[in-house]
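These protein sequence lines are chains A and B, in that order. Using our numbering, read the first sequence as starting at 1 and increasing by one per residue. Using our numbering, read the second sequence as starting at 1 and increasing by one per residue. Ideal Cβ positions, reconstructed from N, Cα and C, are used throughout, including at glycine. Just so you know, these numbers come straight off a predicted model, no measurement behind them.
Protein chains: 2
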Amino acid sequence: MSKRVGEGTVELTSRPWAAAWSSTAGKKEHKGPLGGSFDFTLDDDLLGQKTWELAEAAMLRDTAIRCLDKVGLKPEDADVLLSGDLINQIMAAHFCARELGIPMLGLYSACSTMSEALAVGGILADSGAVRRAVCAVSSHFSTAERQYRTPLEQGGQRPASAQWTVTGAGATLVCGRDWLPEGVKPAAALRYATIGRVVDYAVRDMANMGAVMAPAAADTLARHLLDVGRTADDYDEIITGDLGKVGRELMLELLKEKGVKVDPSRVWDCGANIFSPEQDTHAGGSGCGCSAAVLNGYVLGRFAKGEVRRAAFMATGALLNATSVLQGETIPGVAHLVVLERERG
Amino acid sequence: MSKRVGEGTVELTSRPWAAAWSSTAGKKEHKGPLGGSFDFTLDDDLLGQKTWELAEAAMLRDTAIRCLDKVGLKPEDADVLLSGDLINQIMAAHFCARELGIPMLGLYSACSTMSEALAVGGILADSGAVRRAVCAVSSHFSTAERQYRTPLEQGGQRPASAQWTVTGAGATLVCGRDWLPEGVKPAAALRYATIGRVVDYAVRDMANMGAVMAPAAADTLARHLLDVGRTADDYDEIITGDLGKVGRELMLELLKEKGVKVDPSRVWDCGANIFSPEQDTHAGGSGCGCSAAVLNGYVLGRFAKGEVRRAAFMATGALLNATSVLQGETIPGVAHLVVLERERG
Numbered sequence: 001m002s003k004r005v006g007e008g009t010v011e012l013t014s015r016p017w018a019a020a021w022s023s024t025a026g027k028k029e030h031k032g033p034l035g036g037s038f039d040f041t042l043d044d045d046l047l048g049q050k051t052w053e054l055a056e057a058a059m060l061r062d063t064a065i066r067c068l069d070k071v072g073l074k075p076e077d078a079d080v081l082l083s084g085d086l087i088n089q090i091m092a093a094h095f096c097a098r099e100l101g102i103p104m105l106g107l108y109s110a111c112s113t114m115s116e117a118l119a120v121g122g123i124l125a126d127s128g129a130v131r132r133a134v135c136a137v138s139s140h141f142s143t144a145e146r147q148y149r150t151p152l153e154q155g156g157q158r159p160a161s162a163q164w165t166v167t168g169a170g171a172t173l174v175c176g177r178d179w180l181p182e183g184v185k186p187a188a189a190l191r192y193a194t195i196g197r198v199v200d201y202a203v204r205d206m207a208n209m210g211a212v213m214a215p216a217a218a219d220t221l222a223r224h225l226l227d228v229g230r231t232a233d234d235y236d237e238i239i240t241g242d243l244g245k246v247g248r249e250l251m252l253e254l255l256k257e258k259g260v261k262v263d264p265s266r267v268w269d270c271g272a273n274i275f276s277p278e279q280d281t282h283a284g285g286s287g288c289g290c291s292a293a294v295l296n297g298y299v300l301g302r303f304a305k306g307e308v309r310r311a312a313f314m315a316t317g318a319l320l321n322a323t324s325v326l327q328g329e330t331i332p333g334v335a336h337l338v339v340l341e342r343e344r345g
Numbered sequence: 001m002s003k004r005v006g007e008g009t010v011e012l013t014s015r016p017w018a019a020a021w022s023s024t025a026g027k028k029e030h031k032g033p034l035g036g037s038f039d040f041t042l043d044d045d046l047l048g049q050k051t052w053e054l055a056e057a058a059m060l061r062d063t064a065i066r067c068l069d070k071v072g073l074k075p076e077d078a079d080v081l082l083s084g085d086l087i088n089q090i091m092a093a094h095f096c097a098r099e100l101g102i103p104m105l106g107l108y109s110a111c112s113t114m115s116e117a118l119a120v121g122g123i124l125a126d127s128g129a130v131r132r133a134v135c136a137v138s139s140h141f142s143t144a145e146r147q148y149r150t151p152l153e154q155g156g157q158r159p160a161s162a163q164w165t166v167t168g169a170g171a172t173l174v175c176g177r178d179w180l181p182e183g184v185k186p187a188a189a190l191r192y193a194t195i196g197r198v199v200d201y202a203v204r205d206m207a208n209m210g211a212v213m214a215p216a217a218a219d220t221l222a223r224h225l226l227d228v229g230r231t232a233d234d235y236d237e238i239i240t241g242d243l244g245k246v247g248r249e250l251m252l253e254l255l256k257e258k259g260v261k262v263d264p265s266r267v268w269d270c271g272a273n274i275f276s277p278e279q280d281t282h283a284g285g286s287g288c289g290c291s292a293a294v295l296n297g298y299v300l301g302r303f304a305k306g307e308v309r310r311a312a313f314m315a316t317g318a319l320l321n322a323t324s325v326l327q328g329e330t331i332p333g334v335a336h337l338v339v340l341e342r343e344r345g
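Right, dumping it as C-alpha cells:
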C-alpha cells in the first residue's frame with residue numbers, strides 16, 4: 001500500500017523489488033566507458049529489419065524478453081508492460097507490446113520515461129494491482145535524428161551543447177513482495193517515487209536539451225528531499241538521466257540557488273558518462289534509451305554486487321515537439337525520480 | 001488497496017470517486033445530438049491563440065480548471081495530472097501541465113487515453129499514493145488532421161469508413177475515499193480497471209480506424225467479463241470510445257465469434273453518437289477528446305441524475321503512426337476499460 005509523503009512523494013511501503021534487469025546498446029555505446037555493463041550489443045543497428053523504426057521495436061522487445069528470461073519468466077507472467085520511447089505515438093513500445101501480448105500502459109515523458117515507468121510500476125506492484133510489471137524503454141539514434149532534427153544524410157554541424165541520441169534499451173522487472181520468483185536475488189527495492197512537474201525556463205534551442213531539463217531536475221530533487229526529510233548526503237549516488245555536461249552544471253547551480261546542498265561528487269549523469277570525450281558526442285548522450293540502458297546495466301549491476309546501497313534515479317526529459325519549436329514556442333522539461341535501496345543482510 | 005482479479009483486471013477495493021467532471025466541445029460537436037451535455041462550447045476553435053496546437057492546450061487546461069473549480073478546488077489540491085492527447089509528444093498535455101503546475105504522468109494510448117487515465121488515476125487514489133488525480137484528455141480537429149492526414153486546405157475526399165476528429169476535452173477528478181471535498185456529491189465510484197492488450201488484425205487503412213480498434217475492444221471486453229465473473233447484462237450500458245459505426249458492428253461480430261453474449265442495445269459508442277447523420281461525418285467522431293467529452297458531459301451527467309447505475313467505459317485507440325503506415329506496416333489498436341458504479345442510497 002502506497003502512502004503520500006510531504007507534498008508530492010509516494011512511499012511504496014511494501015518496497016517492491018527490482019527483481020530483474022536487462023540492457024541493450026548500440027556499437028558506439030559499447031565502445032564507451034560503460035560498454036562492459038550492457039547485456040547485449042547490436043552488431044547491426046537495423047537488427048535485420050527493413051526500417052530503423054522496426055529495429056527499435058525489435059530491440060525493445062528483445063530486451064524485455066531477456067529481462068524476464070533471466071529469472072525464468074515468460075511474458076504471460078507479467079500483468080502489465082509500462083513502456084514508451086521517442087518515436088511519435090510511442091510506436092516502438094506499441095509494436096513491442098503487440099508481440100509480447102502483455103496488457104500495456106503507454107507512457108510518454110520523453111527521456112524521463114524510464115523513471116516514470118518505474119514510478120508507476122512501483123505503485124502498481126505496491127498496491128497489489130499487479131503481481132509483476134515490466135518497465136521497458138528505448139531510443140534509437142537513427143529514428144530520433146530523422147524525426148526531431150534533420151535527415152542524417154545532411155550531415156549538419158552540431159554545437160558543443162548538443163547531445164547524441166543513444167541507441168539502447170533497458171527493462172526492469174518490478175515484482176510485488178509476494179511475487180518474486182523462487183531463488184531470485186533482486187538488485188534493490190523501490191522505496192519512493194516523486195513525480196515531476198512540467199517546468200519551462202523559456203529555452204528555445206533544440207541543440208541544448210540539457211538547459212531545458214536542468215530546471216525540472218532541480219525542481220524534482222528539491223521537492224523530493226523536502227518531502228522525505230532527507231539530504232542529498234543520504235544517497236550514495238544521485239543519478240540523473242541525460243542532462244549531459246551542460247545540463248548537469250546548470251542543475252547544480254539551480255540547486256545552489258534554491259539552497260539545496262548537494263555534494264557534486266555524489267551526482268552523476270548517465271548522458272555525461274555513456275560516451276568518452278574521444279567519441280566526440282559533445283555534451284554527451286541523450287534519448288530515453290540512455291538512462292534506461294545505464295540503469296539496467298551499470299547501475300543495477302552495481303546494486304546487485306553491493307557497491308551501491310541507496311540511490312536516487314532521476315531520468316530527465318525535454319518535452320520537445322518539432323512543430324511547436326517551429327512555431328516559436330519554448331520547450332518544457334520534466335524529471336521523475338525513484339529511490340532504489342538495497343536492504344541489509 | 002487494489003486487488004488483482006482474474007488474469008488481468010484490477011479491483012479498486014476502496015472504490016475511489018469520480019467526484020467532478022467537465023467537458024468542452026467545438027461548435028460542430030455542440031450542434032450534434034449530445035450538444036446540450038457539454039459544459040462549454042468554443043466560439044472560436046483557435047481560442048484566441050495563434051496556433052491550433054496552443055488552442056488545444058488552452059482548451060485542455062481550461063477544462064481541467066473548470067473541473068476542479070466545480071468542487072471548489074485549485075490545481076494545488078490535486079497530487080497528479082494524468083493526461084495525454086494526439087499531438088506528437090502529447091504536446092497539448094505538457095503545455096497544459098506547465099501552466100497548472102500539478103506533477104504529471106504523461107500517458108499515450110491514442111483515443112483510449114481517457115480510460116487509461118481513469119485506470120491509472122483510480123489505482124493511484126485507491127492505493128493511497130495520491131489524494132486526488134485530475135484525468136484530462138483532449139483532441140482538436142485541426143491539429144489532428146494536419147498531423148495524421150493531409151493539409152486541411154487540400155480538401156481530400158473521405159471514404160464512408162472515415163471518422164471526424166472531435167474538437168473537445170474532458171476532465172474527471174478522481175478522489176480517494178478520504179479526500180472528497182465537503183458537501184460534494186460524486187457521480188459514481190470507480191470499481192474495476194481492465195488494462196488493454198495491443199492487438200493487430202493487420203489493417204493498413206488509415207481511413208478505417210474502426211476496423212483497427214474493434215479487435216482490441218472485443219479482446220478487452222471479453223477478458224474483463226471473464227475476470228470479474230459478470231455478463232454484459234450486468235451493465236446498464238457498455239460505452240465504447242470512438243469505434244464509430246463501422247467499428248461497433250465489427251466489435252459485436254468479433255464478440256459473437258468469441259462466444260461472448262452481448263445485447264447490442266446495451267452497447268453504444270461515443271463516436272457513433274456525437275454527430276447526427278446530417279452532419280456528414282461518415283462513420284462518426286473520433287479523437288481522444290470524443291470519448292473524454294462525452295464521458296465528462298453526457299455520461300457522468302446521467303450518472304449524477306441516477307439515470308445510469310453501472311457502466312463499463314471502454315475508450316478505444318488506433319495506434320497510428322504516420323511514418324510506419326508509409327513504410328507499409330499494419331496499425332495496432334488498444335482499448336482500456338473502467339467500470340463506474342453508482343452506489344445505492
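Between Val308 (chain B) and Arg302 (chain B) the beta-carbon gap is near 5 Å, inside 8 Å, which marks them as a contact. Around the beta-carbon of Ala202 (chain B), fewer than 16 other beta-carbon atoms lie within 10 Å, marking it exposed. DSSP, reduced to helix, strand and coil, places Val130 (chain A) outside both helices and strands of the structure shown, so it counts as coil. Taking 8 Å as the CB threshold, Thr323 (chain A) lines the interface with chain B.
The Cβ neighbour count for Pro103 (chain B), taken over all protein chains shown within 10 Å, is at least 16; the residue is labelled buried. Listed by position along chain B, the residues whose Cβ is nearer than 7 Å to that of Met213 (chain A) form an empty set, because the closest Cβ is around 13 Å away. Inclusion of Ser127 (chain B) and Ser127 (chain A) in the CB contact set at 8 Å is warranted, their separation being smaller than that value. Looking at the DSSP output, Trp164 (chain B) shares a beta bridge with B:Gly285.
About 4 Å separates the beta carbons of Gly333 (chain A) and Ala216 (chain A), which is inside the 8 Å limit, making them a contact pair. Taking all protein chains in view, the Cβ of Asp219 (chain A) is crowded by 16 or more other Cβ atoms within 10 Å, so the residue is classified as buried. Residue burial annotation: Glu29 (chain A) is buried, with at least 16 other C-beta atoms found within 10 angstroms of its C-beta. At the C-beta level, Ala136 (chain A) and Leu124 (chain A) stay beyond 8 Å of one another. Contact between Tyr192 (chain A) and Ala311 (chain A) does not hold, since the beta-carbon distance rounds to 11 Å and is not under 8 Å. Scanning chain A for C-beta atoms nearer than 8 Å to the C-beta of Asn88 (chain B) yields Asn88, Gln89, Asn321, Ala322 and Thr323, reported in chain order. Judged by pairs of C-beta atoms under 8 Å, the segment 161-171 of chain B does not touch the segment 320-334 of chain B, as fewer than three such pairs exist. Neighbours of Tyr108 (chain A) in chain B, taken as residues whose beta carbon is under 8 Å from its own, are Gly84, Gln89, Ile90, Gly106, Leu107 and Tyr108 in chain order. Assignment of Glu249 (chain B) by DSSP, reduced to helix, strand and coil, places it in the helix class. Counted as a single uninterrupted DSSP element, the alpha helix (DSSP H) harbouring Gly210 (chain B) occupies residues Met209 to Val228. Contact check for Gly8 (chain A) and Thr194 (chain A): beta-carbon distance about 6 Å, within the 8 Å limit, so the pair qualifies. Under the Cβ criterion of 8 Å, Arg98 (chain A) is counted among the residues facing chain B. Between the alpha carbons of Ala171 (chain B) and Ala292 (chain B) lies a distance of about 7 Å. Counting along the chain, the unbroken alpha helix (DSSP H) around Ala92 (chain B) starts and ends at Met91 to Leu100. By the neighbour-count criterion, in which a residue is buried when 16 or more other Cβ atoms sit within 10 angstroms of its Cβ, Lys245 (chain A) is buried. Taking the Cβ atoms as the reference, Leu190 (chain B) lies roughly 7 Å from Val174 (chain B), within the contact range of under 8 Å. In chain order, Pro181 place their CB closer than 7 Å to the CB of Gly72 (chain A), counting only its own chain and leaving out the 5 sequence neighbours on each side. Two segments are said to touch when three or more pairs of C-beta atoms, one from each, lie closer than 8 Å; by this definition the segment 62-70 of chain A touches the segment 15-34 of chain A. Taking C-beta atoms under 8 Å as the contact rule, Gly287 (chain B) and Ala144 (chain B) qualify, at a distance of about 6 Å.
Close to Ser2 (chain B), with beta-carbon spacing below 7 Å, are these residues of chain A in chain order: Ser127, Gly128 and Ala129.
Look at Thr150 (chain B) here: in three-state DSSP terms it is coil, with no helix or strand label.
For the segment 194-226 of chain B, the set of positions with a beta-carbon nearer than 9 Å to some beta-carbon of chain A reads Thr194, Ile195, Gly196, Arg197, Val198, Val199, Asp200, Thr220 and Arg223 in chain order. Interface annotation, Val120 (chain B): in contact with chain A, CB-CB separation under 8 Å. Judged by beta-carbon spacing, Ser138 (chain B) lies beyond the 8 Å limit of Leu54 (chain B), meaning their Cβ atoms are not closer than that value.
The Cβ-Cβ distance between Leu34 (chain B) and Ile274 (chain B) falls below 8 Å. Rounded to whole angstroms, the gap between the alpha carbons of Arg197 (chain B) and Trp17 (chain A) is 24 Å. Around Gln327 (chain A), the beta-carbon contacts reaching into chain B at under 9 Å are Lys50, Thr51, Glu53 and Leu54.
With contact defined as three or more Cβ pairs closer than 8 Å, the segment 238-257 of chain A and the segment 206-216 of chain A are in contact.
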